[in-house]
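This report concerns only the one structure given below.
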Amino acid sequence: MTVVTRFAPSPTGFLHIGGARTALFNWLYARRHGGRYLLRVEDTDRQRSTAEAIDAILDGLSWLGLDWDGDIIYQFSRAARHAEVAQQLLAEGKAYHCYATPQELEEMREQARRENRPMRYDGRWRDRDPREAPAGVKPVVRLKAPQEGETVVIDQVLGKVTVQNAQLDDMVLLRSDGTPVYMLSVVVDDHDMGITHVIRGADHHTNTFRQVQLYNALGWQVPEFAHIPLIHGPDGAKLSKRHGALGVDAYRDMGYLPAALRNYLLRLGWSHGDDEIISTTQAIQWFDLEHVGQSPARFDFAKLTSLNAHYLRETPDADLLPLVLPAIGRLIGEPLSDAARERIARGINGVKQRSRTLVELSAGLAFYARSGAPPAEEKAAALLTPAARGVIAGVAAALEPAPWTEPALESTVKAFAESAGIKLGQVAQPLRVALTGSTVSPGIFEVLSILGREESLIRLRAAAA
RNA sequence: GUCCCCAUCGUCUAGAGGCCUAGGACACCAGCCUUUCACGUUGGUAACACGGGUUCGAAUCCCGUUGGGGACGCCA
Numbered sequence: 376m377t378v379v380t381r382f383a384p385s386p387t388g389f390l391h392i393g394g395a396r397t398a399l400f401n402w403l404y405a406r407r408h409g410g411r412y413l414l415r416v417e418d419t420d421r422q423r424s425t426a427e428a429i430d431a432i433l434d435g436l437s438w439l440g441l442d443w444d445g446d447i448i449y450q451f452s453r454a455a456r457h458a459e460v461a462q463q464l465l466a467e468g469k470a471y472h473c474y475a476t477p478q479e480l481e482e483m484r485e486q487a488r489r490e491n492r493p494m495r496y497d498g499r500w501r502d503r504d505p506r507e508a509p510a511g512v513k514p515v516v517r518l519k520a521p522q523e524g525e526t527v528v529i530d531q532v533l534g535k536v537t538v539q540n541a542q543l544d545d546m547v548l549l550r551s552d553g554t555p556v557y558m559l560s561v562v563v564d565d566h567d568m569g570i571t572h573v574i575r576g577a578d579h580h581t582n583t584f585r586q587v588q589l590y591n592a593l594g595w596q597v598p599e600f601a602h603i604p605l606i607h608g609p610d611g612a613k614l615s616k617r618h619g620a621l622g623v624d625a626y627r628d629m630g631y632l633p634a635a636l637r638n639y640l641l642r643l644g645w646s647h648g649d650d651e652i653i654s655t656t657q658a659i660q661w662f663d664l665e666h667v668g669q670s671p672a673r674f675d676f677a678k679l680t681s682l683n684a685h686y687l688r689e690t691p692d693a694d695l696l697p698l699v700l701p702a703i704g705r706l707i708g709e710p711l712s713d714a715a716r717e718r719i720a721r722g723i724n725g726v727k728q729r730s731r732t733l734v735e736l737s738a739g740l741a742f743y744a745r746s747g748a749p750p751a752e753e754k755a756a757a758l759l760t761p762a763a764r765g766v767i768a769g770v771a772a773a774l775e776p777a778p779w780t781e782p783a784l785e786s787t788v789k790a791f792a793e794s795a796g797i798k799l800g801q802v803a804q805p806l807r808v809a810l811t812g813s814t815v816s817p818g819i820f821e822v823l824s825i826l827g828r829e830e831s832l833i834r835l836r837a838a839a840a
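Going by the numbering used here, the first sequence opens with residue 376, and the numbers climb by one from there.
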């Protein structure tokens with residue numbers, strides 16, 4: 376049996392981190408088993424679904440590198456099919472019209488709340504003669520669910536769970552306007568699409584029992600289920616916009632790499648022994664449902680950032696350049712000259728070694744892009760004491776006639792330090808400030824070399840003055 | 001409230017009854033390396049929620065307590 380998985384986001388907002396992980400797990404599982412990974416947009420809520428949200432989700436998935444097989448299925452376009460299934464159930468006596476009004480249902484819930492009873496539909500139209508139907512009320516269609524016995528879900532992550540059917544009420548299949556409700560649509564679509572493994576967030580776990588009842592009423596085979604624990608915010612509470620529930624585009628903007636996010640998300644809830652750095656290729660070979668954890672995880676930026684630093688260092692300079700060039704242009708407030716691009720290309724390796732995100736990388740590269748003395752950070756400016764300025768002037772003079780290669784620069788500066796009777800560190804740090812405007816940068820000889828004689832001397836003299 | 005799920009360092013996790021003096025990673029602290037920072041490296045602080053069982057033996061199995069989460073829509 377070929378594995379078929381799906382990711383089924385509802386386009387009522389951006390692709391958040393939990394959805395991204397669900398997509399990743401589905402994608403990995405399908406790839407692992409040489410199966411298919413489908414995408415279904417659950418847009419049956421016409422009020423809340425938007426085209427912008429669809430774009431944002433597709434965009435997020437593409438950025439993450441989670442390509443889907445075949446065409447996207449828009450659930451709303453299948454409404455007629457869903458209604459047809461409900462009609463079939465109706466015809467078979469497995470579903471019925473319910474004329475209870477929203478007000479009645481609200482009262483039912485109120486009453487239940489007051490009496491500390493579970494909030495459920497009481498089945499008042501289940502066996503009632505349709506001829507008693509009130510005039511002018513459009514009915515919904517409800518599933519005639521079993522009232523005795525129990526429903527069992529075997530979950531690949533959570534194991535076997537049993538619920539008493541008395542706990543479940545007759546769910547709505549079709550709204551009074553004839554449109555299908557999510558519970559019906561998922562079941563019909565998953566069946567029609569040949570989904571073999573439903574991998575989704577644990578928030579759907581309780582829904583599964585009702586869905587299984589539907590599968591049973593329809594005589595359809597139940598797919599495998601795997602409910603993965605939710606991701607919480609740093610404070611352990613449900614992820615909300617206040618903590619980590621950002622769209623994946625926000626992570627892109629913060630300078631995270633898709634590969635890093637994939638690795639981080641993978642380890643959030645799944646493990647392979649002590650392995651931490653897991654490439655996507657490796658993940659495809661290893662991923663399974665047995666090692667998905669059962670408890671919720673908290674989102675931790677520090678770990679993501681550390682992973683990102685790793686992937687940043689692993690990424691070839693040529694791939695990083697286009698990601699960073701536009702940002703640097705914005706940073707210095709002018710278009711990048713050819714000389715600037717050239718310096719950035721040569722300097723990027725040195726800077727990426729000490730950057731954790733693309734944002735840090737861009738910022739760390741900006742001094743290469745400028746012409747003339749870079750603005751000095753506060754901490755850096757403080758280092759430019761009169762004595763330091765004197766040292767810089769001395770070095771500038773020593774450097775002017777010297778050959779401009781890294782080894783040569785090093786020996787020139789070292790010779791200068793020796794003759795001046797000071798330590799290299801006392802020369803290097805003021806030099807760094809003059810050249811980069813910062814106390815943090817790649818090796819000072821690398822910087823001199825890349826900046827070139829002319830540009831270096833301009834900056835040194837400006838600092839010495 | 002009812003039902004369901006979950007529970008190992010601050011965080012992510014390894015752990016499928018003896019291999020556990022509970023391992024790794026991130027974060028944190030200290031040392032080394034070094035022209036700064038970062039990388040790297042060495043070491044350190046730090047956890048089996050609690051209480052009962054079962055067993056020769058429990059982080060691992062069972063029950064309860066506590067705590068956290070989820071679901072209870074003509075939303076998905």
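The beta-carbon is built from N, C-alpha and C at its ideal position, and this holds for glycine as well. Note that the structure is predicted; figures quoted are calculated from it, not measured.
- Where residue 727 is concerned, the enclosing alpha helix (DSSP H) starts and stops at 713-727.
- Excluding five sequence positions before and after residue 836, the CB atoms of its chain that fall closer than 7 angstroms to its own CB belong to 771, given in chain order.
- Note on residue 730: 16 or more other CB atoms within 10 angstroms of its CB, so buried under the neighbour-count rule.
- Put simply, of 529, 481, 473, 638 the residue whose alpha carbon is nearest the alpha carbon of residue 502 is 473.
- Residue burial annotation: residue 391 is buried, with at least 16 other C-beta atoms found within 10 angstroms of its C-beta.
- A straight-line Cα-Cα distance of about 44 angstroms links residue 543 and residue 680.
- With fewer than 16 neighbouring CB atoms inside 10 Å of its own CB, residue 609 falls in the exposed class.
- Runs of the alpha helix (DSSP H) lying entirely within the region 558-641 and spanning at least 4 residues, in chain order: 580-593, 623-628.
- Under the three-state reduction of DSSP output, residue 441 falls in the coil class, being neither helix nor strand.
- Taking the CA atoms as reference points, residue 531 sits about 15 angstroms from residue 403.
- Between the alpha carbons of residue 517 and residue 547 lies a distance of about 4 angstroms.
- If you draw a straight line from the Cα of residue 758 to the Cα of residue 794, it comes to about 22 angstroms.
- For residue 833, there is no enclosing beta strand (DSSP E); the residue is part of the alpha helix (DSSP H) that begins and ends at 828-839.
- Looking only at 727, 592, 832, the smallest Cα-Cα distance to residue 461 is reached by 592.
- Ranked by how close their Cα comes to the Cα of residue 667, the residues 684, 575, 786 have 575 in first place.
- Spanning the alpha carbons of residue 443 and residue 639 requires a straight line of approximately 21 angstroms.
- Residue 470 sits in a strand when the DSSP states are folded into three classes.
- A Cβ-Cβ separation of about 25 angstroms leaves residue 764 out of contact with residue 707 under the 8 angstroms criterion.
- The three-state reading of DSSP puts residue 422 in coil, since its state is none of H, G, I, E or B.
- By the criterion of a C-beta distance shorter than 7 angstroms, residue 775 is surrounded in its chain by 832, once the five residues flanking it on both sides are discounted.
- In this structure, residue 561 sits away from residue 598, with a CB-CB distance that is not shorter than 8 angstroms.
- Taking each of 733, 437, 456 in turn and checking the Cα distance to residue 419, the smallest one comes out for 456.
- Rounded to whole angstroms, the separation of the alpha carbons of residue 458 and residue 716 is 60 angstroms.
- Going by beta carbons, residue 379 and residue 414 fall outside the 8 angstroms limit.
- Residue pairing of residue 391 in beta bridges, as defined by DSSP: 622.
- Closest in C-alpha terms to residue 409, from the list 789, 781, 773, 661, comes 661.
- With a cut-off of 8 angstroms on Cβ pairs, the region 462-482 is in contact with the region 508-526, counting three or more such pairs.
- The beta carbon of residue 429 sits closer than 8 angstroms to those of 386, 416, 418, all from its chain and outside the five residues before and after it, given in chain order.
- It is roughly 12 angstroms from the alpha-carbon of residue 513 to the alpha-carbon of residue 505.
- Note on residue 824: 16 or more other CB atoms within 10 angstroms of its CB, so buried under the neighbour-count rule.
- DSSP assignment within the region 795-830 yields the following whole alpha helix (DSSP H) runs of 4 residues or more, N-terminal first: 799-811, 819-826.
- Taking the Cβ atoms as the reference, residue 635 lies roughly 5 angstroms from residue 682, within the contact range of under 8 angstroms.
- About 13 angstroms separates the CB atoms of residue 431 and residue 628; that is not less than 8 angstroms, and the two are not in contact.
- Distance between residue 812 and residue 710, taken at the CA atoms: about 20 angstroms.
- Rounded to the nearest angstrom, the Cβ distance from residue 411 to residue 405 is 6 angstroms, consistent with a contact under 8 angstroms.
- By the C-beta density criterion, residue 563 is buried, having at least 16 other C-beta atoms within 10 angstroms.
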